[in-house]
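Position 204 of the sequence shown, counting from 1, maps to 209 under the working numbering, and the rest follow consecutively.
Idealized CB from N, CA, C, for every residue including glycine.
Here is the structure we will look at.
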Amino acid sequence: GFIGHNGRGKSTIMKAIAARSIPIPDAIDIYFLDGEYEATDTKTALQAVFEVQDEVNDLEEQAEKLNNDMGEFGDDEEKLNSIQQQLEMVYEKLDALDVETAEARASQILFGLGFTTKMQHQKTREFSGGWRMRIALARALFLKPEFLLLDEPTNHLDMEAVLWLEDYLSNWDKILFFVCHSQDFMNNVCTNIVRLDPTYRKLRYYSGNYDMYVQTRKDQDMVQIRQYEAEQRDIAEIQDFIARFGHGTVKMVRQAQAREKLLQKKLEAGLTEKPEEIKMWDWSFPDAGQLPVPVLAIEKLS
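Written out as structure tokens, the structure is:
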């Protein structure tokens, strides 16, 4: 799970990962769900999800190239092992895309995301943007890439579909990296949390689900703030000593110079950073009192 303040760069980082701006082995295929499925009259929702001929052709080409590479690097055992691993992954993906069962598997995923049998056979152009986003999500789940990137996958889902997706992803056995604002969802799906720290522009890593992250961060911040405060007190005391005795007797000047060197060493070694402050929001909704009836009336709406 990937968390951080809104507008601080989470989506940008996910796009960078998808574009392989961050080094990722070529053998790992990446799928970034960043938009809705196109509106077209040529494909139904079901066809949009299970049609995999392009993917199958691409994998077969990869397999053929890797087999040729094995002949070229016959004497390089390390290179051969690497090619063999990639080849096994390609064949596993081909097996997973089993054409004979593709339609049934796609239909099951679409049903979980709220599509009735009738809806599954409607053209994609007949759906709103939100429903086409569900189609795109269904296709991403159907393809089951080695590395799946999802940016707020629950945004266009009703509660029933969210619960289905939560259960489905909790059994995901590939790499999954996603942004979501539901703590319950992250608790049931995540095994690790990555936090974008806007103060120090770093990624912080935590093991476990969201609740474990909250507790771990609380414990770490408590230790860190104590260390930070202790260092700041030491620095203040040293600076005060230097200011008071830096121009006194020879003995005191030497002590001040020694303290100054000590301070310089502390600064060069690096000081403990102050933990990012967790802002607490207090939401209060005052009683509106007795409202006149009707509160809202709509007539002759078409």
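Looking at the ligand MG, does it come within less than 7 Å of Glu151, judged from the CB to the closest heavy atom?
In the structure shown, the ligand MG is absent, as is every other ligand, since no ligand is present at all.
How far does the alpha helix (DSSP H) with Asn193 in it extend, from its first residue to its last?
Counted from its first residue, the sequence shown places residue 193 at position 188. Looking at the DSSP string, the run of the alpha helix (DSSP H) that includes Asn193 is 188-194.
Which of the three DSSP states, helix, strand or coil, is assigned to Lys48?
Within the sequence shown, the letter at position 43 stands for residue 48. Coil.
Distance check for Gly117 and Leu170, CA to CA, integer angstroms please.
In the sequence shown, residue 170 corresponds to position 165, counting from 1. In the sequence shown, residue 117 corresponds to position 112, counting from 1. Leu170 and Gly117: Cα-Cα distance of roughly 7 Å.
From this set, Phe246, Val54, Val255, Arg259, which residue's C-alpha is nearest Leu148's C-alpha?
If you number the sequence shown from 1, residue 148 lands on position 143. Cα-wise, what sits closest to Leu148 is Val54.
Hey, how far is the Cα of Phe190 from the Cα of Lys270?
Numbered from 1 along the sequence shown, position 185 holds the residue referred to as residue 190. Numbered from 1 along the sequence shown, position 265 holds the residue referred to as residue 270. Each residue's Cα considered, the two are about 47 Å apart.
Looking at the structure shown, is Val300 part of a helix, part of a strand, or coil, going by DSSP?
Numbered from 1 along the sequence shown, position 295 holds the residue referred to as residue 300. Coil at Val300, not helix or strand.
For chain C, find out if any of its Cβ atoms is closer than 8 Å to the Cβ of Asp224; answer yes or no.
You won't find chain C in this structure, because it holds only one protein chain.
Hey, Thr159 and Cys185 are a contact pair by Cβ (cut 8 Å); roughly how many whole angstroms apart?
Within the sequence shown, the letter at position 154 stands for residue 159. Within the sequence shown, the letter at position 180 stands for residue 185. Confirmed, about 6 Å.
So, under 8 Å CB-CB, Leu51 and Ser133 are touching, yes? Tell me the CB distance rounded to an integer number of Å.
Here residue 51 is taken as the residue at index 46 of the sequence shown, counted from 1. Here residue 133 is taken as the residue at index 128 of the sequence shown, counted from 1. Leu51 to Ser133, Cβ: 18 Å. No contact.
What do you reckon, are the CB atoms on Met94 and Ala32 nearer than 8 Å?
On the sequence shown, residue 94 is found 89 positions in, with the first residue counted as 1. On the sequence shown, residue 32 is found 27 positions in, with the first residue counted as 1. Cβ atoms of Met94 and Ala32: closer than 8 Å.
Beta-carbon within less than 8 Å of His252's beta-carbon, same chain only, minus the 5 sequence neighbours each way: which residues are those?
As a first step, residue 252 must be located in the sequence shown, where it is residue number 247. Taken in chain order, the residues that qualify are Val258.
For my contact list, Tyr2 and Ile198 are in at a C-beta cut-off of 8 Å; report their separation, rounded to the angstrom.
Beyond the ends of the chain as shown, which are 6 and 307, falls residue 2; an answer cannot be given.
For Glu234 versus Arg137, is the C-beta distance shorter than 8 Å?
For the purposes of this step, residue 234 is identified with residue 229 of the sequence shown, where counting begins at 1. For the purposes of this step, residue 137 is identified with residue 132 of the sequence shown, where counting begins at 1. The answer is no: Cβ separation not under 8 Å.
Just to confirm my understanding: we take Phe250, look at its own chain, exclude 5 residues before and 5 after, and list those with CB closer than 8 Å. What are they?
Position 245 of the sequence shown, counted from the start, is the residue given in the question as residue 250. Result list for Phe250: Met257, Val258, Gln260, Ala261, in chain order.
Can you tell which of Glu278, Ile180, Gln188, Phe183 has the C-alpha that lies nearest to the C-alpha of Asp226?
To locate residue 226, count along the sequence shown from 1; it is residue 221. Taking only the C-alpha atoms, the option nearest Asp226 is Glu278.
Rounded to whole angstroms, how far is the Cβ of Lys128 from the Cβ of Pro150, which I believe are closer than 8 Å?
Residue 128 sits at position 123 when you count from the first residue of the sequence shown. Residue 150 sits at position 145 when you count from the first residue of the sequence shown. That belief does not hold up - the Cβ atoms of Lys128 and Pro150 are roughly 26 Å apart, past 8 Å.
Below 8 Å on the Cβ atoms is my guess for Gln91 versus Leu64; work out the distance and round it to an integer in Å.
On the sequence shown, residue 91 is found 86 positions in, with the first residue counted as 1. On the sequence shown, residue 64 is found 59 positions in, with the first residue counted as 1. No, Gln91 and Leu64 are not in contact; Cβ-Cβ is about 11 Å, not under 8 Å.
I believe Leu155 touches Ile35 by the beta-carbon criterion, under 8 Å. Please report the beta-carbon distance rounded to the nearest angstrom.
The sequence position of residue 155 within the sequence shown is 150, counting from 1. The sequence position of residue 35 within the sequence shown is 30, counting from 1. Their Cβ separation, rounded to whole angstroms, is 12 Å, which puts Leu155 and Ile35 out of contact at 8 Å.
Out of Pro30, Tyr218, Lys207, point me to the one whose CA is closest to Asn192's CA.
Along the sequence shown, one-based indexing puts residue 192 at 187. Nearest of Pro30, Tyr218, Lys207 to Asn192, Cα basis: Tyr218.
Could you pull out every residue in the same chain whose Cβ sits closer than 7 Å to the Cβ of Gln229, ignoring the five residues on either side in sequence?
For this step, residue 229 is matched to residue 224 along the sequence shown. Correct list, in chain order: Thr277, Pro280.
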